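Chains A and B supply the protein sequences, listed in that same order.
All the letters of the first sequence, read from the start, carry residue numbers 1 to 456 under the UniProt record's numbering.
All the letters of the second sequence, read from the start, carry residue numbers 1 to 456 under the UniProt record's numbering.
There are 2 protein chains.
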Amino acid sequence: MTTTLETDVLIVGGGPAGMMCGITAAQFWPSRRVLLVRPEEQAVVPCGIPYIFGTLGGTDEDLAGRAPFLAAGGRILIGRIASVNRDARHATLEDGTRIAWNRLVLATGSTPFVPPIDGHALDGVFQIHKQYDYLDELLSERLPGVATLAILGGGFIGVEFSDELRKRGIEVHLIEQRPRLLGASFDADASEAVAARLRALGVKVHTGATVAAIEAQADGVRVAGVRLDNGGRLSVEAVLIAIGTRPDTRLAGDMGLTLSRSGGIWVDGFQQCREDPQIFAVGDCAHKQDFFTRHANHALLASQAAAEGRIAGMNLYGLKLPRTNAGTIAVYASQIDELAFGVAGLTEHSARDIGFEVFTGDARLPDHHPATMPGTHEVHCRLVFDANSERLIGGQVIGGPTTAEILNTLAVAIQLRATATDLASFQFGSHPRLTAPVHPIVAATGEALRRRLGTA
Amino acid sequence: MTTTLETDVLIVGGGPAGMMCGITAAQFWPSRRVLLVRPEEQAVVPCGIPYIFGTLGGTDEDLAGRAPFLAAGGRILIGRIASVNRDARHATLEDGTRIAWNRLVLATGSTPFVPPIDGHALDGVFQIHKQYDYLDELLSERLPGVATLAILGGGFIGVEFSDELRKRGIEVHLIEQRPRLLGASFDADASEAVAARLRALGVKVHTGATVAAIEAQADGVRVAGVRLDNGGRLSVEAVLIAIGTRPDTRLAGDMGLTLSRSGGIWVDGFQQCREDPQIFAVGDCAHKQDFFTRHANHALLASQAAAEGRIAGMNLYGLKLPRTNAGTIAVYASQIDELAFGVAGLTEHSARDIGFEVFTGDARLPDHHPATMPGTHEVHCRLVFDANSERLIGGQVIGGPTTAEILNTLAVAIQLRATATDLASFQFGSHPRLTAPVHPIVAATGEALRRRLGTA
Chain A
1 MTTTLETDVL IVGGGPAGMM CGITAAQFWP SRRVLLVRPE EQAVVPCGIP YIFGTLGGTD
61 EDLAGRAPFL AAGGRILIGR IASVNRDARH ATLEDGTRIA WNRLVLATGS TPFVPPIDGH
121 ALDGVFQIHK QYDYLDELLS ERLPGVATLA ILGGGFIGVE FSDELRKRGI EVHLIEQRPR
181 LLGASFDADA SEAVAARLRA LGVKVHTGAT VAAIEAQADG VRVAGVRLDN GGRLSVEAVL
241 IAIGTRPDTR LAGDMGLTLS RSGGIWVDGF QQCREDPQIF AVGDCAHKQD FFTRHANHAL
301 LASQAAAEGR IAGMNLYGLK LPRTNAGTIA VYASQIDELA FGVAGLTEHS ARDIGFEVFT
361 GDARLPDHHP ATMPGTHEVH CRLVFDANSE RLIGGQVIGG PTTAEILNTL AVAIQLRATA
421 TDLASFQFGS HPRLTAPVHP IVAATGEALR RRLGTA
Chain B
1 MTTTLETDVL IVGGGPAGMM CGITAAQFWP SRRVLLVRPE EQAVVPCGIP YIFGTLGGTD
61 EDLAGRAPFL AAGGRILIGR IASVNRDARH ATLEDGTRIA WNRLVLATGS TPFVPPIDGH
121 ALDGVFQIHK QYDYLDELLS ERLPGVATLA ILGGGFIGVE FSDELRKRGI EVHLIEQRPR
181 LLGASFDADA SEAVAARLRA LGVKVHTGAT VAAIEAQADG VRVAGVRLDN GGRLSVEAVL
241 IAIGTRPDTR LAGDMGLTLS RSGGIWVDGF QQCREDPQIF AVGDCAHKQD FFTRHANHAL
301 LASQAAAEGR IAGMNLYGLK LPRTNAGTIA VYASQIDELA FGVAGLTEHS ARDIGFEVFT
361 GDARLPDHHP ATMPGTHEVH CRLVFDANSE RLIGGQVIGG PTTAEILNTL AVAIQLRATA
421 TDLASFQFGS HPRLTAPVHP IVAATGEALR RRLGTA
């Protein structure tokens, strides 16, 4: 006989999108039962994964808490959904357990992309899976003894891993196809600042280099090195593939849900699927529209996933909040050593590529004042404005510990469609130990206006 | 014979408002001559003054740079303006030098308020003047040897001084008339957190206590202690008065300019004086209208002063930027030990006092994630929304080093009139080493909406 569980809301997947949707649903719809099903007993914080290997020092130090969800009244079931019957409104676990639902949220996440190159399945080739068991084995059994390692992919994850792994004493080769690191996210000077810092820390940075194959040792089993398409070769004992992830839409595909042309599950502004307003998709598995262009945006970010989970969670049984997903702005930040860096919205080059006519402004300031204050870092802020509307469309910040919150200020300004006029004389607070003397956004906006007026 | 200098723009005063106006004027109007006259050879960073006595360790460590102004093409003259002839468009220095101008900017600042209590002129009673010489003498000659000191006034400046002076080994009594510290700026729980931290650091905090008199030693010259109006008495060797400052409008008064009923120079939205559109006033000497009420706002902040300097500087010869002063939001932040705290806009109690019907939300989160990340502090964010428009009207943050930039994000949201709906699912960036897992603004907005909906 089949066991049948009943819930109101069934959430499939326990990453940031699923968990945030669950917390929000339980909080905003307290009379509804919310059940989250995920395969992992222990879930890790995805953006904390690189830090397991250095700063945090352990997989158990990177656990995503379930307490807020449970405290809100949600329940968690460990298992894998094998199939969903949309008409009958139930899902079936691999063990045969049936779950009846009236709202289904797909938060199935993404899986690492592995390029189809020779040797990708050799022993010693690692991927960045988000599973606790995989990561814990990597940390405690696979990596110890590895003295040299190549990372394929010089995006944020590759850059973060290279810094964390070099802290373990591993000689790290960071290999990026494009001419520079973080090329998709940053203008050239910021990429160069990050590359310079990594080199100073002992990381071997190889840009404009493509790995043609991963080579095996004589045993045909273990990694011996990587061959580059320019004929070069690097001897390494291990390879970490950090090229990106792809939406995991297997379940959605089996259910016959529409996928976007770029691969994610098609969703409307409330994260509802095309076929059925009682089925939602959030996070990496869901299609992302770009805030500026409406084209697909391929940045799969935990913060964006959580925002989508929140929108779906609030609107499961009616629009408690008439808030739709306005599209992905892509607000990133990271830190290598003491150097923090990030971007909100468009960079100068990406804006021009899209076709925006832009004007830009730069400011370089200390992040405390006067600059004699202990712990002072330089902040470099570059803002990008659309020349026709004068609206802020992006910003890049390189600085100290406050970098990410300065970017969040930019993110708010972009979302509220602030103009250069708005920002040029905005009121900001300042304090010697906590901020620059002039807010970098105000200073950079001033320079942008002066360049535009021809007085810079 | 009288020496006559000629300039286009004459700025009187070299604090944040004057200096920022000068930089902006020189940058936006490069064909105009900009001359700044100030009495001090060396100018200090005003908000850095408390830190001279502890963290910075020297007056020379708190100098306000003149380099950006000079680099922009401005000139500085050390001297005091004795009078201004508005009709003839010239000013006269105390040494008789005459300066012809066609735009005049008054940035004469403020002076410490000294309450008319017995003993206020005794030897050992100090004020917080912004002059280099006064501060340097205080640091190097007056304070050494002082073992016990009372600070009158438990606002931001009093709180900051008490932390810095206790670092020197001085036993500090902090005396505040109101029932709690920072009462004008903070809700009660935040005041209590600051008081508790100060007490833990050894500062003696006396709230609800008024100083009736400062008592003299037998010599009738030096301070012996302070007498409280509840009959108590504290033996101290010195007293620091930190009750606040008053606009310095002597020159404006002599010129016959209109003053506001609350004491500052009357200015319009472009910082122009009532009588003459070629005369501007900026910073502490200028009247401040509150962003929310249009009543006078008595917060005299360097950041606000600088914003006014920027508005005037851009618009001296026509509206290069059609930006007016929207009124004071009052964005403050400070830090005691590792505890940072601040406010942007209205607190819950000040909003209710004004007559707003409000709803509020609180969030407590780590400022890194997971919370096992080294250097993690708790952030407590409280947001205040107007119940009718749903607009954000204020926020209070207690946390770590990113506190002030979170407040600046709130300041932008307030100025752009963001609603709870806007903020509840806003996109923010997150990073384990740099931010909370969920942005405190999003979390607190969510809680506010749930309280409002009755599901919290």
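We put the CB at the ideal spot given by N, CA and C, even for glycine.
Computed from a prediction, not measured in an experiment: that's the story for all the values here.
| message | Under 8 Å: do the segment 235-250 of chain A and the segment 149-163 of chain A share three or more Cβ pairs, one atom per stretch? | response | yes
| Which whole-angstrom value is the C-beta distance of residue 248/A and residue 110/A, which I expect to be below 8 Å? | Yes, they are in contact, since the Cβ atoms of residue 248/A and residue 110/A sit about 5 Å apart, within 8 Å.
| message | For a contact defined as C-beta to C-beta under 9 Å, what are the partners of residue 28/B on chain A? | response | 446, 449, 450, 453 and 455
| task | Assign residue 347/B to buried or exposed, taking buried as 16 or more other Cβ atoms, counted over all protein chains shown, within 10 Å of its Cβ. | result | Residue 347/B comes out buried.
| said: Just to confirm the assignment, what range does the alpha helix (DSSP H) spanning residue 21/B have? | reply: Per DSSP, residue 21/B belongs to the alpha helix (DSSP H) from 16-28.
| query | Taking the beta strand (DSSP E) that residue 395/A falls in, what are its first and last residues? | reply | 392-399
| CB-CB under 7 Å to residue 184/A, same chain, minus the five flanking residues each way: which ones, in chain order? | Excluding five sequence positions before and after residue 184/A, the CB atoms of its chain that fall closer than 7 Å to its own CB belong to 155, given in chain order.
| query | Would the segment 85-98 of chain B and the segment 182-201 of chain B be scored as touching if the rule is three or more Cβ pairs under 8 Å? | reply | no
| request: Out of 377/B, 363/B and 77/B, point me to the one whose CA is closest to residue 457/B's CA. | output: The shown model of chain B, from 1 to 456, leaves out residue 457/B, and the question about it has no answer.
| query | Is the segment 110-123 of chain A close to the segment 244-264 of chain A, with three or more CB pairs under 8 Å? | reply | yes
| said: I need the DSSP call for residue 303/A, collapsed to helix, strand or coil. | reply: helix
| field | Which listed residue (27/A, 382/A, 387/A and 5/A) has its alpha carbon closest to that of residue 406/A | value | 382/A
| Under a Cβ-count criterion, where at least 16 other Cβ atoms within 10 Å of its own Cβ denotes burial, should residue 254/B be classed as buried or exposed? | Exposed, by the Cβ-count rule.
| message | I need the straight-line Cα distance from residue 225/A to residue 190/A, nearest angstrom please. | response | The alpha-carbon atoms of residue 225/A and residue 190/A are separated by roughly 30 Å.
| query | Quick one: is residue 255/A near chain B, going by C-beta distance under 8 Å? | reply | Cβ-Cβ to chain B under 8 Å: no for residue 255/A.
| task | Please check if any C-beta of chain C sits within less than 8 Å of the C-beta of residue 45/A. | result | Absent here is chain C; the protein component of the structure consists of chains A and B.
| request: Use the C-beta contact count for residue 331/B: other C-beta atoms within 10 angstroms, 16 or more gives buried, fewer gives exposed. | output: Classification for residue 331/B: buried.
| said: For residue 106/B and residue 43/B, what's the separation of their Cα atoms in angstroms? | reply: A direct Cα-Cα distance of roughly 17 Å separates residue 106/B from residue 43/B.
| Neighbouring residues, chain B, relative to residue 294/A (Cβ below 7 Å) | Residues of chain B passing the Cβ test: none, with the nearest at roughly 16 Å.
| task | Enumerate in chain order the residues of its own chain whose CB-to-CB distance from residue 377/A is below 6 Å, with the five nearest sequence positions on each side excluded. | result | 367, 399 and 400
| query | Is the shortest distance between the beta-carbon of residue 332/A and the beta-carbons of chain B less than 8 Å? | reply | yes
| request: Taking residue 377/B as the query, report the chain A residues whose CB atoms sit under 9 Å from its CB, ordered along the chain. | output: Ordered by position in chain A, no residue passes the 9 Å Cβ test against residue 377/B, which lies about 11 Å from the chain.
| request: Please list, in chain order, all residues of the same chain as residue 418/B whose beta carbon is under 6 Å from its beta carbon, the five residues on each side excluded. | output: 392
| How big is the Cα-Cα spacing for residue 6/A and residue 29/A? | Approximately 16 Å between the Cα atoms of the pair.
| query | Under 7 Å Cβ-Cβ, which residues of chain A neighbour residue 129/B? | reply | Here the premise fails: no neighbours, minimum Cβ distance about 18 Å.
| query | Is it true that the CB of residue 129/B sits closer than 8 Å to the CB of residue 175/B? | reply | no
| said: Mapping the DSSP letters down to three states, classify residue 59/B as helix, strand or coil. | reply: Helix.
| Using the rule of at least 16 other Cβ atoms within 10 Å of the residue's Cβ for burial, across every protein chain shown, is residue 304/A buried or exposed? | buried
| message | Taking CB distances under 8 Å as the criterion, tell me whether residue 385/A reaches chain B. | response | Not closer than 8 Å to any Cβ of chain B, the Cβ of residue 385/A fails to qualify, so no.
| query | Which chain B residues are close to residue 335/A, counting only those with a beta carbon under 8 Å from its beta carbon? | reply | 431, 433 and 434
| task | Check the Cβ-Cβ distances between residue 438/A and every residue of chain B, and say whether any is below 8 Å. | result | Residue-level contact by beta carbon holds for residue 438/A and chain B, with a gap shorter than 8 Å.
| task | Hey, could you find the ends of the alpha helix (DSSP H) residue 167/B is sitting in? | result | 156-167
| request: Specify, as a first and last residue, the run of the alpha helix (DSSP H) that residue 408/B falls within. | output: 403-415
| task | With 8 Å as the threshold, decide whether the Cβ of residue 526/B is near any Cβ in chain A. | result | Because chain B is modelled from 1 through 456, residue 526/B falls outside the range shown and cannot be assessed.
| What is the rounded straight-line gap between the Cα of residue 131/A and the Cα of residue 19/A? | 15 Å
| Contact under 8 Å by Cβ, residue 117/A with residue 213/A | yes
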